[in-house]
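**Q** Sending over a structure as structure tokens; questions will come in a sec.
There are 2 protein chains.
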Amino acid sequence: MAPGRSRAPNAGLQVAAGPGIFRGMNLREMKIAVVGSGAVGCYYGGMLAHAGCDVRFLMRADLAAVRERGLTIHTQGRTVAVPRVTAYGTPAEIGPVDLVIIALKATANAALEELLPPLLGANTALLTLQNGLGNEEFLAARWGAERVMGALCFVCLNRTAPGVIEHFDAGSISIGEFRRPASARARAVAEAFAGAGVESRAVENLVTERWRKLLWNIPFNGLSIAAGATVDVVLADDGLRKLARDLIAESLDAARRLGHEIPDEFADWQIERSYSMGAYQPSSMLDWQAGRPVEIEAIFGEPWRQGAGAGAVLPRVEMLYQLLKKITA
Amino acid sequence: MAPGRSRAPNAGLQVAAGPGIFRGMNLREMKIAVVGSGAVGCYYGGMLAHAGCDVRFLMRADLAAVRERGLTIHTQGRTVAVPRVTAYGTPAEIGPVDLVIIALKATANAALEELLPPLLGANTALLTLQNGLGNEEFLAARWGAERVMGALCFVCLNRTAPGVIEHFDAGSISIGEFRRPASARARAVAEAFAGAGVESRAVENLVTERWRKLLWNIPFNGLSIAAGATVDVVLADDGLRKLARDLIAESLDAARRLGHEIPDEFADWQIERSYSMGAYQPSSMLDWQAGRPVEIEAIFGEPWRQGAGAGAVLPRVEMLYQLLKKITA
């Protein structure tokens, strides 16, 4: 970690102001728990573990397989093997840690009520890798806003067998504080990921970043289910491409009314950059096709409610939300 | 037929001003061809044939079965049998008639280019029983506006076997002229249906009636596919019920901008009257589930285009149209 960055002011957070891994630079001392060990949890936790961090995975279905064979990450031509993984079936076996990485689906948040408390010490930080809006608020309301950080993961992953992750593309992670500018803590976590070979950065306004990502997820995740259309199909169909643009325009208006500064060109860019994705299937489409819960509230419901509450007119986002809620029910 | 009504002015139509079945009252002299012998064509044509009208069915798949066994209509506890049916496999065998009843799906209109000409004499009238907007225009553009009448069928039918029709509910038919007030001709056809036991009426403004029906079809046919929701499910879900109301409000605005006088209360009534329908599956849902073409342009595309052309703002109708076009493609 660059010393200059590590000394940035951390907005007065208790956890970062006190002693501990978020000020000290020895990442090996940081005890990390990963809750939710699907593809995202195994990939990001596995990369940290491979770099030598003390990562403890909370697992259910894959526990025995991972204890026996560890984690294997196939990533763009090479294989990252983590043969010895510390994995547990209950949070009590893990006990208090310095950082909890939350990689459950947002649809399973209720389970955190029982899973998190055994992991919490006085200064334990929470980092949610979950999609959409509302997850930081969920954590903050229960365990204190000062603990909460969030991250946006730009990554294409697939869990192909217990403990085996295929990493197709990208992988960067943007880490920010809940309702605060980037802190030394957020930068330290970003550095930990960077040291583990994951492109990462700390962001000053986490919610603005979430809205920027939503400007893609709302149209493309939404239409992947509502129209059964992969990204290339949306872009090739005049009507659906216009609908995607209209959904982005509505979402952009909502984001701005909520105080997020996102330029007009960003809306066009979300369309233009998608042409290179080909027949990409957004995560919501994969979840739905596999019969898994889809994060309807985090990606569609909460943005619609927050935008409408700020005075935005969002007929298409609302309609998309109502259709998806019924389709995926 | 009431003589007083038969002498009503017929808006100067050539066909009705000249001699022929539309002025004379002997319905038995009227030669009628039915093109498109699915459930709708067999029901309405069969009822006329049962009453003694000269009805000639153009059939494809069911031709042999109907020639052998005739038509059977199970209608609310009783059976209407038409043991001897005049059915042909080509329009040339039928030849020119006085009235062609068109009961093809609107999605098959292109076939009319070959099917209709052999049936047309100088005064042959065309009556389309098809759904939505654009069908009268299609006929008028090819064979002359003066020939064209349209009808709205309020009926629940199912073809359960070749020549066998289940008639569940309702059955009334509203008949009007294309871009003209009800003529003596329209009244004569309505009387013919009434004489055959079909509740019928002539309407002064056919397109207004079409829009009134669309105010139900757009939300309920649309959401039956886009949300996979039967009528009761739409009404029981707060979000979908509001969406149905919003779709009706947009459609009502379009209808008014196009000059159709429909009161506000009609929008509420379209919701209220639907509660008694239970788990009704709109025809579009049945078509889609059976793998048949769905009348997307007539029910959604053309109303959206006409409404938008008149200055209406229809984000939800447009979105529904674009989604349905892709889903049913």
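So the protein sequences, as listed, match chains A and B. Note that the working numbering numbers the first sequence so that position 276 is 276, with each residue one more than the last. Note that the working numbering numbers the second sequence so that position 169 is 1169, with each residue one more than the last. The beta carbon of each residue, even a glycine, is placed where N, CA and C say it ideally should be. Please read all numbers here as calculations on a predicted model, not as lab measurements.
1) Please list, in chain order, the chain A residues whose beta carbon lies closer than 8 Å to that of residue 1227 of chain B.
2) Rounded to the nearest angstrom, what separates residue 116 of chain A and residue 1324 of chain B at their Cα positions?
3) So is residue 1169 of chain B in contact with chain A if we call contact Cβ pairs under 8 Å?
4) The beta strand (DSSP E) with residue 218 of chain A in it runs from where to where?
5) Pair every Cβ in the stretch 1187-1198 of chain B with every Cβ in the stretch 1241-1251 of chain B, then say whether three or more of these pairs are closer than 8 Å.
6) If we ignore side chains and look at the alpha-carbon of each, how far apart do residue 44 of chain A and residue 128 of chain A end up?
7) Just curious, the alpha helix (DSSP H) that residue 1135 of chain B is in, first and last residue?
8) Put residue 1109 of chain B into one of helix, strand or coil per three-state DSSP.
9) Shorter than 8 Å from the beta carbon of residue 1240 of chain B to some beta carbon of chain A?
10) Determine, using beta carbons only, whether residue 319 of chain A comes closer than 8 Å to chain B.
11) Using a Cβ-Cβ cut-off of 8 Å (strictly less than) and excluding sequence neighbours within five positions of residue 89 of chain A, which residues of its own chain qualify?
12) Under 7 Å between beta-carbons, which chain B residues line up against residue 243 of chain A? List them in chain order, please.
13) When we look at the beta-carbon of residue 388 of chain A and count the other beta-carbons within 10 Å, is it buried (16 or more) or exposed?
14) CA-CA distance, residue 97 of chain A and residue 282 of chain A?
15) DSSP three-state label for residue 1154 of chain B, please.
16) Just the Cα atoms here: how many angstroms apart are residue 1145 of chain B and residue 1139 of chain B?
17) In chain D, what lies closer than 7 Å to residue 237 of chain A by C-beta?
18) In whole angstroms, what separates the C-alpha of residue 168 of chain A from that of residue 155 of chain A?
19) Shorter than 8 Å from the beta carbon of residue 282 of chain A to some beta carbon of chain B?
20) In the DSSP assignment, the beta strand (DSSP E) including residue 88 of chain A goes from what residue to what residue?
21) Identify each residue in the stretch 1086-1115 of chain B for which the Cβ-Cβ distance to at least one residue of chain A is less than 9 Å, and report them in chain order.
22) Among B:1235, B:1033 and B:1305, whose alpha-carbon lies nearest the alpha-carbon of residue 326 of chain A?
23) Anyone know if the C-beta pair for residue 1200 of chain B and residue 1172 of chain B falls short of 8 Å?
24) Closest to residue 1208 of chain B by CA distance: which of B:1161, B:1229 and B:1257 is it?
25) What does the alpha-carbon distance come out to for the pair residue 1176 of chain B and residue 1316 of chain B?
26) Give the residues from the stretch 1289-1316 of chain B that approach chain A closer than 7 Å (Cβ to any Cβ), ordered along the chain.
27) Which residue comes first and which comes last in the beta strand (DSSP E) that contains residue 1082 of chain B?
28) Is residue 18 of chain A close to chain B, meaning its C-beta is less than 8 Å from at least one C-beta of that chain?
29) My assumption, with CB atoms under 8 Å, is that residue 1126 of chain B sits in contact with residue 1147 of chain B. Please give the rounded CB distance.
30) Identify every residue that forms a DSSP beta bridge with residue 1054 of chain B.
31) With a threshold of 6 Å on Cβ separation, who are the neighbours of residue 24 of chain A within its own chain once the five nearest residues in sequence on each side are excluded?
32) Quick one: give me the first and last residue of the beta strand (DSSP E) that residue 166 of chain A is part of.
33) Is it buried or exposed, residue 1046 of chain B, if we count other Cβ atoms within 10 angstroms and call 16 or more buried?
**A** Let me spell this out:
1) One-based indexing of the second sequence puts residue 1227 of chain B at position 227. Listed along chain A are 322, 323, 326 and 327, each with a C-beta nearer than 8 Å to that of residue 1227 of chain B.
2) Locating residue 116 of chain A in the first sequence gives position 116, where the first residue counts as 1. Locating residue 1324 of chain B in the second sequence gives position 324, where the first residue counts as 1. Rounded to the nearest angstrom, the gap between the Cα atoms of residue 116 of chain A and residue 1324 of chain B is 44 Å.
3) Along the second sequence, read from residue 1 onward, the residue named residue 1169 of chain B stands at position 169. Residue contact check for residue 1169 of chain B against chain A: no CB pair falls below 8 Å.
4) The count along the first sequence starts at 1 and reaches residue 218 of chain A at position 218. In this chain, residue 218 of chain A is not harboured by any beta strand (DSSP E), its DSSP state being neither H nor E.
5) Contact between the stretch 1187-1198 of chain B and the stretch 1241-1251 of chain B is absent, because fewer than three Cβ pairs lie under 8 Å.
6) Numbered from its first residue, the first sequence carries residue 44 of chain A at position 44. Numbered from its first residue, the first sequence carries residue 128 of chain A at position 128. In this structure, the alpha-carbon of residue 44 of chain A lies about 12 Å from that of residue 128 of chain A.
7) For the purposes of this step, residue 1135 of chain B is identified with residue 135 of the second sequence, where counting begins at 1. From DSSP, the alpha helix (DSSP H) with residue 1135 of chain B extends over 1135-1143.
8) By 1-based counting over the second sequence, the position of residue 1109 of chain B is 109. DSSP, read as helix, strand or coil, puts residue 1109 of chain B in helix.
9) For the purposes of this step, residue 1240 of chain B is identified with residue 240 of the second sequence, where counting begins at 1. So yes, residue 1240 of chain B belongs to the interface.
10) In the first sequence, the residue the question calls residue 319 of chain A occupies position 319. Any Cβ of chain B closer than 8 Å to the Cβ of residue 319 of chain A would place that residue at the interface, and such an atom is present.
11) Here residue 89 of chain A refers to the residue found at position 89 of the first sequence. Answer for residue 89 of chain A: 58, 59, 60 and 63, listed in chain order.
12) The count along the first sequence starts at 1 and reaches residue 243 of chain A at position 243. Near residue 243 of chain A (Cβ distances below 7 Å), the residues of chain B are 1319 and 1322.
13) Look at the range of chain A in this structure, 1 to 329, and you will see that residue 388 of chain A is not part of it.
14) Locating residue 97 of chain A in the first sequence gives position 97, counting from the first residue. Locating residue 282 of chain A in the first sequence gives position 282, counting from the first residue. If I take the Cα positions, the gap works out to 33 Å.
15) Here residue 1154 of chain B corresponds to residue number 154 of the second sequence, with the count starting at 1. Strand.
16) As a working note, residue 1145 of chain B is residue 145 in the second sequence. As a working note, residue 1139 of chain B is residue 139 in the second sequence. Residue 1145 of chain B and residue 1139 of chain B have their C-alpha atoms spaced approximately 7 Å apart.
17) Protein chains A and B are contained in the structure displayed, whereas chain D is not.
18) The residue you call residue 168 of chain A lines up with position 168 of the first sequence. The residue you call residue 155 of chain A lines up with position 155 of the first sequence. Rounded to the nearest angstrom, the two C-alpha atoms are 8 Å apart.
19) Numbered from its first residue, the first sequence carries residue 282 of chain A at position 282. No - not a single Cβ of chain B is within 8 Å of the one on residue 282 of chain A.
20) The count along the first sequence starts at 1 and reaches residue 88 of chain A at position 88. Residue 88 of chain A -> beta strand (DSSP E) spans 86-88.
21) For the stretch 1086-1115 of chain B, the set of positions with a beta-carbon nearer than 9 Å to some beta-carbon of chain A is empty.
22) Counted from its first residue, the first sequence places residue 326 of chain A at position 326. The candidate whose alpha carbon is nearest that of residue 326 of chain A is B:1235.
23) Taking the second sequence and counting its residues from 1, one reaches residue 1200 of chain B at position 200. Taking the second sequence and counting its residues from 1, one reaches residue 1172 of chain B at position 172. The answer is yes: Cβ separation under 8 Å.
24) Here residue 1208 of chain B is taken as the residue at index 208 of the second sequence, counted from 1. Nearest to residue 1208 of chain B by alpha-carbon distance, out of B:1161, B:1229 and B:1257, is B:1257.
25) Within the second sequence, the letter at position 176 stands for residue 1176 of chain B. Within the second sequence, the letter at position 316 stands for residue 1316 of chain B. Residue 1316 of chain B has its alpha-carbon roughly 30 Å from the corresponding atom of residue 1176 of chain B.
26) Using a CB distance below 7 Å, the part of the stretch 1289-1316 of chain B facing chain A consists of 1315 and 1316, ordered along the chain.
27) Indexing the second sequence from 1 puts residue 1082 of chain B at position 82. 1078-1082 is the span of the beta strand (DSSP E), which, as asked, contains residue 1082 of chain B.
28) On the first sequence, residue 18 of chain A is found 18 positions in, with the first residue counted as 1. Bear in mind that the predicted position of residue 18 of chain A carries a pLDDT of just 33, short of 50, making it unreliable; the figure below should be weighed with that in mind. No, its Cβ sits nowhere closer than 8 Å to a Cβ of chain B.
29) For this step, residue 1126 of chain B is matched to residue 126 along the second sequence. For this step, residue 1147 of chain B is matched to residue 147 along the second sequence. Confirmed, Cβ separation roughly 5 Å.
30) Looking up residue 1054 of chain B in the second sequence gives position 54. Paired residues: B:1031.
31) Taking the first residue of the first sequence as 1, we reach residue 24 of chain A at position 24. In this prediction, residue 24 of chain A scores a pLDDT of 49, lower than 50, which makes its location untrustworthy; no coordinate-derived value is stated.
32) In the first sequence, counting from the first residue as 1, residue 166 of chain A sits at position 166. First-last of the beta strand (DSSP E) with residue 166 of chain A: 164-177.
33) The count along the second sequence starts at 1 and reaches residue 1046 of chain B at position 46. Result: buried.
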